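K.L.:
There are 2 protein chains.
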Amino acid sequence: MVETWHYVLAKHAKAMCELERELGDRHGLGPSEFEVLDRIVRHDRKLRLQELCDEVHLSQSALSRVVARLEKAALVARNACDSDRRGVFVCITPEGRAKHAEALPTHHAVLTEIFADAPAPEGALRR
Amino acid sequence: MVETWHYVLAKHAKAMCELERELGDRHGLGPSEFEVLDRIVRHDRKLRLQELCDEVHLSQSALSRVVARLEKAALVARNACDSDRRGVFVCITPEGRAKHAEALPTHHAVLTEIFADAPAPEGALRR
DNA sequence: CAGCATTAAATGCATTTGCATTAGATGCGA
DNA sequence: TCGCATCTAATGCAAATGCATTTAATGCTG
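Protein sequences, first through last, are from chains A and B. Read in order, the letters of the first sequence correspond to residues 1436 to 1562 in this note's numbering. Read in order, the letters of the second sequence correspond to residues 1436 to 1562 in this note's numbering.
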């Protein structure tokens, strides 16, 4: 229990730190920015802000600001939702798609290095 | 690899959030404060700030401030180190010890709940 | 012994985050 | 239809964190 927590804590700290440095230096992205970009790419469609909120581990307000940053960087665009004008769609731009494609190998490399000693994907961690 | 990362991310977010709320509401402690207190108790001796730095997942500056908060709350005391006057010893006070004893069950309860579905301690996670 | 690189801890500062609140849009019930 | 509870997203604000710098103490080298 507590050992598992310590494992999570250690891996999280190390991975976050490294992702921050690598994604930041190489691509000018923070881990949160990459995460959001990645979610949109994987869905491959415009998403409501709220849908993203369920998938990313950020508060609603933090997500709102991440998207604002991404928009300022022209990596995503916000579009009004016609059917419910409270909602906002987030669409990835070609630049955003390119940036994601460029950063993905970096992301993968960092995780591969850090979880090299981790249990196989088939292992007990799959929950 | 990436699945493991997602697992870590999810558990970390959930546990941190819950710890923040439970430790905060019940004992007026943040997760970092508890972590530091816990380290000192487990060592059961005064520690150099730097020693703590290696064990806690915080930057040196963040740790310095956590200790400052704990000192203001009278849960630890800072003592000069005679042999190397750059160093600072952190000692737990009786109040600090009591607070830790009081918060420990809360900490344990939160982790138990969140990692109830986790692999057994003997499992692959032990690294 | 003098000078300088190194180390420990604290602090200035910018950034990110979460909570609470706000502003605007929906929609349900009287 | 009107009014009110609900919902979405944005924003004010305070707190925590990391990086870079600072201050003070060591200690190594010439």
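We treat Cβ as the ideally placed atom computed from N, Cα and C, and that holds for glycine. Since we're looking at a predicted model, the values are computed, not measured.
1. Residue 1445 of chain A versus chain B: which residues are under 8 Å apart at the beta carbon?
2. Would residue 1475 of chain B and residue 1482 of chain B be called neighbours here (beta carbons separated by less than 9 Å)?
3. So with CB distances below 9 Å, who are the chain A contacts of residue 1450 of chain B?
4. Helix or strand or just coil, what does DSSP make of residue 1516 of chain A?
5. Please state if the CB of residue 1471 of chain A and the CB of residue 1454 of chain A are separated by a distance shorter than 9 Å.
6. Buried or exposed: residue 1534 of chain B, going by 16 or more other Cβ atoms within 10 Å of its Cβ?
7. Between residue 1464 of chain B and chain A, is the shortest Cβ-Cβ distance under 9 Å, so that the two count as touching?
8. Report back the beta-carbon spacing between residue 1513 of chain B and residue 1501 of chain B to the nearest angstrom; my notes put them in contact at under 8 Å.
9. Could you give the first and the last residue of the continuous alpha helix (DSSP H) run that contains residue 1525 of chain A?
10. Please report whether the beta-carbon of residue 1482 of chain B lies at a distance below 9 Å from any beta-carbon of chain A.
11. For the alpha helix (DSSP H) containing residue 1436 of chain B, list its first residue and its last residue.
12. Can you tell me the Cα-Cα spacing of residue 1515 of chain B and residue 1488 of chain B, whole angstroms?
13. Going by other Cβ atoms of all chains shown within 10 Å of its Cβ, with 16 needed for buried, is residue 1468 of chain A buried or exposed?
14. Exposed or buried, residue 1439 of chain A, counting other C-beta atoms within 10 Å across all chains shown (16 or more means buried)?
15. Would you grab the beta carbon distance between residue 1444 of chain B and residue 1492 of chain A for me? Rounded to a whole angstrom, and I think it's under 8 Å.
16. How is the alpha helix (DSSP H) around residue 1471 of chain A delimited, first residue to last?
17. State the Cα-Cα distance for the pair residue 1529 of chain A and residue 1510 of chain A, rounded to the nearest angstrom.
P.N.:
Once the coordinates are examined:
1. For the purposes of this step, residue 1445 of chain A is taken as residue 10 along the first sequence, with counting starting at 1. For residue 1445 of chain A, the residues of chain B that pass the 8 Å Cβ criterion are 1492, in the order they occur in the chain.
2. Numbered from 1 along the second sequence, position 40 holds the residue referred to as residue 1475 of chain B. Numbered from 1 along the second sequence, position 47 holds the residue referred to as residue 1482 of chain B. Going by C-beta atoms, residue 1475 of chain B is nearer than 9 Å to residue 1482 of chain B.
3. Position 15 of the second sequence holds residue 1450 of chain B. Here the neighbours are 1440, 1443, 1444.
4. Start at 1 with the first residue of the first sequence, and residue 1516 of chain A comes out as number 81. In the structure shown, residue 1516 of chain A adopts coil according to DSSP, grouped into three states.
5. Residue numbering aside, residue 1454 of chain A sits at position 19 when the first sequence is read from its first letter. Residue numbering aside, residue 1471 of chain A sits at position 36 when the first sequence is read from its first letter. No.
6. One-based indexing of the second sequence puts residue 1534 of chain B at position 99. So residue 1534 of chain B ends up on the buried side.
7. Sequence index remark: in the second sequence, residue 1464 of chain B carries index 29 (1-based). Not closer than 9 Å to any Cβ of chain A, the Cβ of residue 1464 of chain B fails to qualify, so no.
8. Indexing the second sequence from 1 puts residue 1513 of chain B at position 78. Indexing the second sequence from 1 puts residue 1501 of chain B at position 66. So it is not a contact: roughly 12 Å between Cβ atoms.
9. Translated into the one-based positions of the first sequence, residue 1525 of chain A becomes position 90. Looking at the DSSP string, residue 1525 of chain A is not in any alpha helix (DSSP H); the run it does join, the beta strand (DSSP E), is 1523 to 1527.
10. Here residue 1482 of chain B refers to the residue found at position 47 of the second sequence. Nearest CB-CB separation between residue 1482 of chain B and chain A: not below the 9 Å threshold.
11. As a position in the second sequence, residue 1436 of chain B is number 1, starting the count at 1. Segment: none, residue 1436 of chain B is in no alpha helix (DSSP H) and carries neither H nor E.
12. On the second sequence, position 80 is the one that residue 1515 of chain B refers to. On the second sequence, position 53 is the one that residue 1488 of chain B refers to. Looking at the two C-alpha atoms, the distance is approximately 17 Å.
13. Here residue 1468 of chain A refers to the residue found at position 33 when the first sequence is read from its first residue. The residue in question, residue 1468 of chain A, is buried, as its Cβ has 16 or more Cβ neighbours within 10 Å.
14. The residue labelled residue 1439 of chain A in the question sits at position 4 within the first sequence. By the 10 Å Cβ count, residue 1439 of chain A comes out buried.
15. Looking up residue 1444 of chain B in the second sequence gives position 9. Looking up residue 1492 of chain A in the first sequence gives position 57. In this structure residue 1444 of chain B touches residue 1492 of chain A by the C-beta definition: roughly 6 Å separates them, less than 8 Å.
16. By 1-based counting over the first sequence, the position of residue 1471 of chain A is 36. Here the alpha helix (DSSP H) through residue 1471 of chain A covers 1466 to 1478.
17. If you number the first sequence from 1, residue 1529 of chain A lands on position 94. If you number the first sequence from 1, residue 1510 of chain A lands on position 75. Using only the alpha carbons, I get a separation of about 7 Å.
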